[in-house]
Amino acid sequence: MKKLILSIIFTLSAVFAFAQVTFSPATFTSEDEVTITLDISGTAMAGQNDVYIWAFSNDGVGGGKDALTNGQWGSSSESAKMTKIATNKFTFKFTGTTLFGQSPAELINFGFLGKSKDGTKQTQDFKPYKFDPLVFTPSQFRIFPAKQDFTDMSTVYFHQDLATDQNLQRMFDVKVNLTFYNDAGGLVATRTALVAVKESSTLYSYSFIPEKLITLPAGTKLGKFTYQFTGSIKDATGANVATAGPVNEVIYTIFN
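For reference, each letter of the sequence shown is one residue, going -19 to -1, 1 to 237 in mature numbering (1 follows the signal peptide of the UniProt record, and there is no 0).
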């Protein structure tokens, strides 16, 4: 009986010694580019030349989505195809916000499995892997997320309590001007006097997704945008006088 139990333990150990997953870097936020390395040895996929990733976010915590690359279970998208680097070893590069089409604030964890294109074979689920929280240093003006492409939701912030200019310290009725440029530097669109959200007595913000805020001509890729907080102050007579902060530039990151 002991021999049988030991045999089962050794068999299970041999199986679980395979089907390994590693990440580079080992820890990451939803904004970092990550490389998954999957060893499918010991799984139903062992020996396959083509492996497709099937990924999902926020396993067990709500608010999850299937990866935008998944396609259909019976016909995986080619964008989900993993790169073979050795027998039974495959890699896949991704950035969480791009893979799932969710903002960093929405992404908590993710999981995935490897499968054949037609879904007749698959590995077990590998989950959950947590995204590290983003850490930011408060400044007078900042954006969230710090790295983004033009398909992401962006939030621009004005920390009035950190302002050094007296007019900005006194500014009220705060609004935002946004200007978008294509990847060649050409002007695409401008939106002005967008009403900022007053999150606290000294913090203002405005969130947007470019393609929902402006009309992008077919084939246009945005390369950057600028933002400027504006508002009013009272002059010596008590009248409202327009004032504005500096124009801040944000370069979009292109995630492959």
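No residue lacks a Cβ here, since even glycine has one placed at the ideal position from N, Cα and C.
(request) Kindly confirm or deny that the region 189 to 198 and the region 165 to 176 touch, where touching means at least three C-beta pairs closer than 8 Å. (result) Note that the region 189 to 198 touches the region 165 to 176; at least 3 beta-carbon pairs, one per stretch, sit closer than 8 Å.
(message) Let me check understanding here. Comparing Cα to Cα, which of 131, 105, 93 and 63 lies closest to residue 200?
(response) Cα-wise, what sits closest to residue 200 is 131.
(request) Can you tell me which of 64, 37 and 11 puts its alpha carbon nearest to the alpha carbon of residue 54? (result) Comparing Cα-Cα distances from residue 54 to each of 64, 37 and 11, the minimum goes to 37.
(request) Name the two residues that bound the continuous beta strand (DSSP E) containing residue 148. (result) Note, residue 148: premise wrong, no beta strand (DSSP E); alpha helix (DSSP H) at 147 to 151.
(request) Please report how far the alpha carbon of residue -9 lies from the alpha carbon of residue 98, in whole angstroms. (result) Confidence is the limiting factor: at residue -9 the pLDDT is only 41, short of 50, which leaves the residue's position unreliable, though a coordinate-based value still follows. So the alpha carbons of these two residues sit roughly 29 Å apart.
(message) Would the region 133 to 150 count as touching the region 94 to 112 if we require 3 or more Cβ pairs under 8 Å?
(response) The count of Cβ pairs closer than 8 Å, one atom from the region 133 to 150 and one from the region 94 to 112, stays below three, leaving the stretches out of contact.
(request) Leaving out five residues on either side along the sequence, give the residues of the same chain with a beta carbon under 8 Å from the beta carbon of residue 46. (result) If we look at residue 46 and ignore the five residues flanking it on each side, its Cβ neighbours are 37, 38, 39, 81, 82 and 83.
(message) Can you tell me whether residue 154 is buried or exposed? The criterion is at least 16 other CB atoms within 10 Å of its CB, across all chains shown.
(response) With fewer than 16 Cβ atoms within 10 Å of its Cβ, residue 154 is classed as exposed.
(request) Report the rounded CA-to-CA distance for residue 31 versus residue 74, giving the unit in angstroms. (result) Rounded to whole angstroms, the separation of the alpha carbons of residue 74 and residue 31 is 16 Å.
(request) Assuming residue 107 contacts residue 93 (C-beta within less than 8 Å), just tell me the rounded distance between them. (result) Contact flag correct, Cβ pair sits at about 6 Å.
(request) Tell me residue 51's beta-bridge partners as DSSP assigns them. (result) Answer by DSSP bridge pairing: none, since residue 51 is not bridged.
(request) Answer yes or no: do residue 104 and residue 188 have a C-beta to C-beta separation smaller than 9 Å? (result) Their beta carbons are not under 9 Å apart, which means residue 104 does not touch residue 188 by this criterion.
(request) Give me the Cβ distance between residue 77 and residue 88, rounded to the nearest whole Å; I'm assuming they're in contact under 8 Å. (result) About 5 Å; that satisfies the 8 Å criterion.
(message) Mapping the DSSP letters down to three states, classify residue 223 as helix, strand or coil.
(response) DSSP, read as helix, strand or coil, puts residue 223 in strand.
(request) Can you check DSSP and say which residues form a bridge with residue 162? (result) As DSSP reads the structure, residue 162 sits in a beta bridge with 168 and 205.
(request) Could you check the C-alpha separation between residue 231 and residue 207 for me, to the nearest Å? (result) If I take the Cα positions, the gap works out to 6 Å.
(message) To the nearest angstrom, how far is the alpha carbon of residue 120 from that of residue 161?
(response) Near 23 Å, if we compare the C-alpha coordinates of residue 161 and residue 120.
(request) Starting from residue 89, follow its DSSP beta bridges and name the residues at the other end. (result) According to DSSP, which records beta bridges pairwise, residue 89 is partnered with nothing at all.
(request) Report all residues from its chain with a CB closer than 6 Å to the CB of residue 57; omit the five preceding and five following residues, and keep chain order. (result) The residues are 33 and 98.
(request) Jot down the residue ranges of each uninterrupted beta strand (DSSP E) in the region 68 to 141, minimum 3 residues, whole runs only, in chain order. (result) Listed in chain order, the beta strand (DSSP E) elements of length 3 or more contained wholly in the region 68 to 141 are 70 to 76, 90 to 96, 107 to 111, 122 to 125 and 135 to 140.
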